[in-house]
Each structure stands twice: as C-alpha cells, then as structure tokens.
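In what follows, a single structure is set out as structure tokens and then discussed.
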Amino acid sequence: MTVVESGDAVATPRRDLPPSMIERMTLVLSAFDSRTSRLTLEEVTYRAQLPRSTVHRILLQLVRLNWVEHASFGYCLGRRALGLAGGDGG
Numbered sequence: 001m002t003v004v005e006s007g008d009a010v011a012t013p014r015r016d017l018p019p020s021m022i023e024r025m026t027l028v029l030s031a032f033d034s035r036t037s038r039l040t041l042e043e044v045t046y047r048a049q050l051p052r053s054t055v056h057r058i059l060l061q062l063v064r065l066n067w068v069e070h071a072s073f074g075y076c077l078g079r080r081a082l083g084l085a086g087g088d089g090g
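With the first letter of the sequence shown counted as 1, position 38 gets the number 38 in full-length UniProt numbering; the numbers rise by one all the way through.
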C-alpha cells in the first residue's frame, strides 16, 4: 500500500486500486480450507472475490509450482502447501 504525500499533509491510501499479485494469490489460496478438499474454478472465484480470468491464471501458475493440484473434478492444495503445514513438502 502506498501513501502519497502532498506538502505537509499525508493523503490516505487509494482503496480503488486492484490488490497486488501477492494479495490476489493469497486470496486464491485462502479459498481452500480444512472443510473443503476440492473446489471448482467457480467456487474459488466466488470465495476469492476476484475475476474468473484472474483466478484461472493464478491457479495455472500455482499448479505449475505444485502449490495447488488440478484434476477433472476440481482443485486442491498441492504438495508444497501441504508440506508447509506438515513440515515435509518440496
């Protein structure tokens, strides 16, 4: 978040800017919880409150990096994410 200074006054941060890439990635990963093992693209999109195309693009990258797994019936947390939680991932 950036604070803009103008003279002696400090302007409030702009809230209408889209979230950063890391914020968007965090919203996507946060869509997965312990109660849900698999989510469809539409479910992740709804939970993350981001555009479908953005969620799809982020999920593709997360799958490539093993943070998320994808099968015909949905997405779930991958080896890397589960490894952080359990201490044995790669």
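Here a beta-carbon is modelled for each residue, glycine too, at the ideal position from N, C-alpha and C.
Three-way DSSP call (helix, strand, coil) for residue i in this model
i, result
"G83", "helix"
"L41", "helix"
"L27", "helix"
"L50", "coil"
"L60", "helix"
"P19", "coil"
Cβ-Cβ distance between residue i and residue j below 8 Å
i, j, result
"V63", "V44", "no"
"A48", "A71", "no"
"N66", "R79", "yes"
"G74", "L39", "yes"
Check: residue i C-beta below 7 Å from any heavy atom of the ligand HEM
i, result
"Y46", "Questions concerning the ligand HEM fall outside what the structure shown contains, since it holds no ligand whatsoever."
Which residues DSSP lists as bridging residue i, in chain order
i, result
"V68", "L77"
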